[in-house]
Amino acid sequence: MSKTKDFLNDFSKTLASKLESTKGKWEDIFKRGSMPINASTNNRYRGINWLMLNYETEKKEYSKPIFSSYKQWASLKGQVKKGSKGTKIIFYKPLTQPSKIDPTKLVQAGCILNSSTVFNIDQVDLSESKYKPEEFKAGKQYSIDQIDNFVKATKVEIKNSSGNGCYYNKTKDFINMELKTNFKDTKESDATIHYYSTLFHELTHSTGHGNRLDRKNKFDDNKKSYAYEELVAEIGSIFFGYEFNITKTIRDNHAKYLNSWIKALKNDYTFLTGATAQAQKAVDYFVSTK
Numbered sequence: 498m499s500k501t502k503d504f505l506n507d508f509s510k511t512l513a514s515k516l517e518s519t520k521g522k523w524e525d526i527f528k529r530g531s532m533p534i535n536a537s538t539n540n541r542y543r544g545i546n547w548l549m550l551n552y553e554t555e556k557k558e559y560s561k562p563i564f565s566s567y568k569q570w571a572s573l574k575g576q577v578k579k580g581s582k583g584t585k586i587i588f589y590k591p592l593t594q595p596s597k598i599d600p601t602k603l604v605q606a607g608c609i610l611n612s613s614t615v616f617n618i619d620q621v622d623l624s625e626s627k628y629k630p631e632e633f634k635a636g637k638q639y640s641i642d643q644i645d646n647f648v649k650a651t652k653v654e655i656k657n658s659s660g661n662g663c664y665y666n667k668t669k670d671f672i673n674m675e676l677k678t679n680f681k682d683t684k685e686s687d688a689t690i691h692y693y694s695t696l697f698h699e700l701t702h703s704t705g706h707g708n709r710l711d712r713k714n715k716f717d718d719n720k721k722s723y724a725y726e727e728l729v730a731e732i733g734s735i736f737f738g739y740e741f742n743i744t745k746t747i748r749d750n751h752a753k754y755l756n757s758w759i760k761a762l763k764n765d766y767t768f769l770t771g772a773t774a775q776a777q778k779a780v781d782y783f784v785s786t787k
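Numbering (our numbering), first residue to last: 498 to 787.
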């Protein structure tokens, strides 16, 4: 196994252990409002890099979720402090080959998993730099009306009923939500947050429809594929939540899949990287027009 795959495997196992110890409380693992960005480009980190850098920010208690490579900090006249240990991120490097139609042109023949190292702003001496990070804020606090308008703009049909549970019907392409009044306050969060966290979960499921992203079963084992799709929806709910500053909360049927996730994450890092990539695609599908 390559070094890149090694650290992805290690992170997947770490996440499995965290899910086990917190009983699946995502909000205890990933820091609320921590949206990792690159200091040089000001772009957000995405997908699995978002998860890893968010986790690292919480674990190391960094003051800001701002990262860049050694060279990028140097280009900003910043100096990574001696002895600082960076954080790995991944990217896919395209592989090319001569075109069969026109050998003088190169075409993409696939890609290879690769990694680079980034350093948090707390690990950098900026005394000679003009770089001044914007004061970090937890993120825009969207009103409930704004979230409702966003959901309406997705054009996914939302039905409300009492006592039938929350679910996405892929055959008929609609989301069923319990009445808002059926959601209750808990010690983790209030009823409104629980409602929208659940709605974001179901909205992620809806992107798998054939008229949207047409997400197929990943495994021959239907039970494993179902657990995988649930993980996609859970991570999608986290990503949606950070877009709107809504904390991910635990679903009533969470425990049903938790052991399956923990087992899969410990044995196969691609279960996590694949689910995260699909969740990012799901959020991008709707958020790109927000």
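Even glycine gets a Cβ: it sits at the ideal position worked out from N, Cα and C.
Length of the line joining the Cα atoms of residue i and residue j
i, j, result
"residue 555", "residue 508", "14 Å"
"residue 779", "residue 648", "13 Å"
"residue 596", "residue 608", "16 Å"
"residue 604", "residue 505", "28 Å"
"residue 629", "residue 536", "10 Å"
"residue 653", "residue 785", "16 Å"
"residue 655", "residue 672", "5 Å"
"residue 581", "residue 601", "45 Å"
"residue 757", "residue 724", "7 Å"
"residue 636", "residue 740", "Because residue 636 sits at a pLDDT of 49, beneath the cut-off of 50, its placement in the model cannot be relied upon, and the point is left open."
"residue 599", "residue 593", "13 Å"
"residue 689", "residue 697", "12 Å"
"residue 641", "residue 680", "15 Å"
"residue 499", "residue 694", "37 Å"
"residue 516", "residue 561", "24 Å"
"residue 712", "residue 670", "14 Å"
"residue 503", "residue 643", "42 Å"
"residue 585", "residue 622", "20 Å"
"residue 646", "residue 589", "35 Å"
"residue 541", "residue 720", "34 Å"
"residue 552", "residue 661", "35 Å"
"residue 531", "residue 678", "30 Å"
"residue 566", "residue 577", "9 Å"
"residue 708", "residue 568", "43 Å"
"residue 684", "residue 591", "47 Å"
"residue 657", "residue 691", "15 Å"
"residue 742", "residue 764", "32 Å"
Under 7 Å between C-beta atoms of residue i and residue j
i, j, result
"residue 762", "residue 512", "yes"
"residue 776", "residue 729", "yes"
"residue 526", "residue 563", "no"
"residue 727", "residue 754", "yes"
"residue 533", "residue 548", "no"
"residue 501", "residue 612", "yes"
"residue 744", "residue 659", "no"
"residue 703", "residue 665", "yes"
"residue 575", "residue 626", "yes"
"residue 545", "residue 767", "no"
Local Cβ density within 10 Å of residue i, reported as buried at 16 or more and exposed below that
i, result
"residue 650", "exposed"
"residue 538", "exposed"
"residue 700", "buried"
"residue 624", "exposed"
"residue 734", "buried"
"residue 620", "buried"
"residue 714", "exposed"
"residue 519", "exposed"
"residue 514", "exposed"
"residue 737", "buried"
"residue 558", "exposed"
"residue 716", "exposed"
"residue 731", "buried"
"residue 570", "buried"
Residue i - containing beta strand (DSSP E), residue span
i, result
"residue 549", "Here residue 549 belongs to no beta strand (DSSP E); instead the alpha helix (DSSP H) covers 544-557."
"residue 584", "584-595"
Residue range of the unbroken alpha helix (DSSP H) whose run includes residue i
i, result
"residue 567", "567-572"
"residue 641", "641-650"
"residue 774", "766-784"
"residue 509", "500-518"
"residue 738", "719-741"
Within-7 Å CB hit, residue i to chain B
i, result
"residue 577", "Considering every chain present, this structure includes no chain B. It has just one protein chain."
| said: My parser needs the beta strand (DSSP E) runs of 3 or more residues fully inside the segment 654-699; what are they? | reply: 654-658, 664-666 and 671-675
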